[in-house]
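Asks: In our numbering, the protein residues as written are 16 to 571. From the three backbone atoms N, C-alpha and C, an ideal C-beta is built for every residue, glycine too. Here it is, the structure, as structure tokens.
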Amino acid sequence: MSNKEIAAIFSLLAKLMELHGDNGFKAKAYSTAAFRISKLGKPLAETDIQSLSIPGLGEAILQKIQVVLQTGELPLLQEYIGKTPAGVVDMLAVKGIGPKKIALLWHELGIESIGELAYACAENRLIALRGFGEKTQAAVLENIRFIQKNEGHFLFAELEAQAESLTQQLQTAFPGRETHITGAFRRQLPVLDRLEWLTEIGKPDLISWLKGFAFSSFQESENRLEVQSDHLPKLIFYFSKEKQFARLLFETTNTEEFRQAFLEDYMLPESVEKEEDIFSRNKLPFIIPALRENAQSLALAKAQGLPQVIQPADIRGIIHSHSQYSDGLHSLEDMAVAAKNKGYEYLVISDHSQTAVYANGLKPERIIAQHAEIDQLNSRLAPFRIFKGIESDILGDGSLDYDPDVLNNFEVIIASIHSNLKMDEEKAMQRLIRAVENPYTTILGHPTGRLLLSRPGYPVQHKKLIDACIANKVIIEINAHPRRLDLDWSWIPYALEKGALLSVDPDAHAIDGMGLVKYGVLAAQKGGLRAADNLSSKTRAELIDFLAVRKTERGE
């Protein structure tokens, strides 16, 4: 069981205790435990629990962790779940209402499900309830619609291991019969509602094999099989006859828009040895699956203008990372040594700024201490280089989080919004544009603040924001965390057309977090990003020169 799963158990217990109005002190202790567990670097399953000494994890909680690891559940949580309607538990996922407000809805209005809550909002039943009001009701309804819209959807990163594992198992179980992942996963879409394969395995053999994995719900048609699962999106298998595999792989990979555009101008051969032959027979360069979302890539291919898209190996340094100076899991030294050992040339440390109290943001005196440590580490780790950065909160009025005399000490400033996210478009744009126009801003971090499948971004005018970044020579981040991937890939072509410089950054809060650059690269490939247009693909020397020019342009 992972730390994330264990933390979720204690978090749910804390919420249910608060929901029932029981022992607020214990509820707070379990909530703190959930937070501490989620931040641990080493898996609890591989740890001697009794030897742990971590603030917020007392002896009683350590004993409960041991029970969870041994049995997979926590009796006290099961007790609370047993006396709480399942729909009320589901309501804890609705943003904008905490356990206490859910208790009011349950006990005073008799609401016991998300569906009933949506209906109550439509009937304006929440307005008169204490602690609510018209704005809260509207926000609750909006959040319910967001949940319903995204139900049954999964992050690419969440499904990657399962997709690759099942593919490998099929290839091992049925040697000589080709099987290949296809569809939206092959096109690297960040969010998926299905996994699709093309296979030469016969349908009866495949069904028999799948039943061995406890898959039991099958919907069949002549050339297609759909399988339902409780823990995965639907699985779809397409069946290929001999000598049709390459053509069907092409057809099942592409979107309908791409397919129609291709068929309007080009020929689809009945039989080819490999997918690349379809393009070569039509005198086109091969279009990678990630670029087969729309007709634009076909026009580029025809004009021989397809980009040589960025690859994971093109990332030369880690930009946007956090250490124990703020909310990172590892020390600054550990982060730097790990980055160097992974083959990177530099690390831009960008801990949170002072207003981010929740993330142990740096006050000016702690910045001095961190910079002194950076100087020492740079002397010892050279030629590897740690750049002095900060992730500065964009405040409510659009200003950055420090005075100019403090900002002047940083080499890289990533400006990001982390608070007061409930803004209309006018307010969001006012904050963002003012931050972009600040001469100290180097990079605009995760521009919309979205969390995929968890939170929509604040509304922005993408073209106006991108244009402002270009005018002020501010780099636009492609935050590589699988739940962000922000700037969205669909806006990369516009940014590149206008001459923007982007940066694929992992937002790493731990050593393992550096590996998230992979997902940023996959998203960047969909937008046609080249290494030449990516800041984190610059060498150490190139980044030093780039930042020196920026500093000169600022008038220093």
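For a minimum of 3 consecutive residues, which ranges assigned as the beta strand (DSSP E) are wholly contained in the region 435-503?
Replies: Complete beta strand (DSSP E) runs here, min 3: 490-494.
Asks: For the beta strand (DSSP E) that K403 lies in, which residues bound it at each end?
Replies: 400-408
Asks: Is it right to say V451 is buried, meaning 16 or more other beta carbons lie within 10 angstroms of its own, or is it exposed?
Replies: buried
Asks: Contact check, V427 vs S365 under 8 Å by CB: the rounded distance?
Replies: 7 Å
Asks: CB R331 to CB K43, shorter than 9 Å?
Replies: Judged by beta-carbon spacing, K43 lies beyond the 9 Å limit of R331, meaning their Cβ atoms are not closer than that value.
Asks: In three-state DSSP terms, what is E235?
Replies: strand
Asks: Closest to H335 by CA distance: which of D390, K249, I401, A387 is it?
Replies: The shortest C-alpha separation from H335 is found at I401.
Asks: Which whole-angstrom value describes the C-beta separation of E127 and V103, a residue pair presumed to lie in contact below a C-beta threshold of 8 Å?
Replies: 5 Å
Asks: Going by beta carbon distance, what residues of the same chain come within less than 6 Å of D522, once the five residues before and after it are set aside?
Replies: H335, N494, H496
Asks: Within 10 angstroms of the Cβ of Y134, are there 16 or more other Cβ atoms? Answer buried if so, exposed if not.
Replies: exposed
Asks: Can you list the beta strand (DSSP E) stretches of 3 or more residues lying completely in the region 199-282, in chain order?
Replies: 209-214, 232-236, 239-243, 249-254
Asks: Can we say the region 300-313 touches the region 525-532, given the rule of at least three CB pairs closer than 8 Å?
Replies: The region 300-313, when compared against the region 525-532, does not touch it at the 8 Å Cβ threshold.
Asks: Mind checking D416: buried by the 16 CB within 10 Å criterion, or exposed?
Replies: buried
Asks: I'd like the span of the beta strand (DSSP E) that includes I196, first residue to last.
Replies: 194-197
Asks: On the three-pair Cβ rule with 8 Å, is the region 18-27 touching the region 37-53?
Replies: The answer is yes - the region 37-53 touches the region 18-27, with three or more Cβ pairs under 8 Å.
Asks: Quick check: the region 199-218 against the region 227-234, are at least 3 beta-carbon pairs closer than 8 Å?
Replies: no
Asks: Please go through the same chain and pick out, in chain order, the residues whose beta-carbon is closer than 6 Å to the beta-carbon of Y45, but skip the five residues on each side of it.
Replies: F25, L28, A29
Asks: What three-state label does DSSP hand G130 in the structure shown?
Replies: helix
Asks: Out of curiosity, what's the CA-to-CA distance linking K289 and E173?
Replies: 30 Å
Asks: Determine the extent of the beta strand (DSSP E) in which A430 is found, giving its start and end residues.
Replies: 427-431
Asks: Go ahead and label P304 buried or exposed: buried means 16 or more other beta carbons lie within 10 angstroms of its beta carbon, across all protein chains shown.
Replies: buried
Asks: Which partner residues does S368 have in the DSSP bridge list?
Replies: L377
Asks: Is it true that the CB of Q259 sits closer than 9 Å to the CB of L250?
Replies: no
Asks: Between which two residues does the beta strand (DSSP E) harbouring G332 extend?
Replies: 332-336
Asks: Kindly list the residues whose CB is nearer than 6 Å to the CB of F399, restricted to its own chain and excluding five residues on each side of it in sequence; keep chain order.
Replies: In its chain, beyond the 5 residues on either side, K355 have a beta carbon closer than 6 Å to the beta carbon of F399.
Asks: V82 by DSSP, collapsed to three states: which one?
Replies: helix
Asks: Report the three-state DSSP secondary structure of V324 (helix, strand or coil).
Replies: When DSSP states are grouped into helix, strand and coil, V324 belongs to the strand group.
Asks: Quick check: the Cα distance between Q186 and Q203, rounded to an integer number of angstroms?
Replies: About 21 Å.
Asks: Measure the CB-CB distance between L502 and Y455 and report whether it falls below 9 Å.
Replies: No, they are not a contact pair.
Asks: Which of the three DSSP states, helix, strand or coil, is assigned to F169?
Replies: strand
Asks: Buried or exposed, going by whether 16 or more other CB atoms sit within 10 Å of the CB of G404?
Replies: buried
Asks: Given a cut-off of 9 Å on the beta-carbon distance, is the pair T182 and T268 in contact?
Replies: no
Asks: Please classify L72: does DSSP put it in a helix, a strand, or coil?
Replies: coil
Asks: Looking only at DSSP bridge pairs, what is R545 linked to?
Replies: BP columns for R545 point to V324.
Asks: Going straight from the alpha carbon of A318 to that of Q385, what length do you get?
Replies: 51 Å
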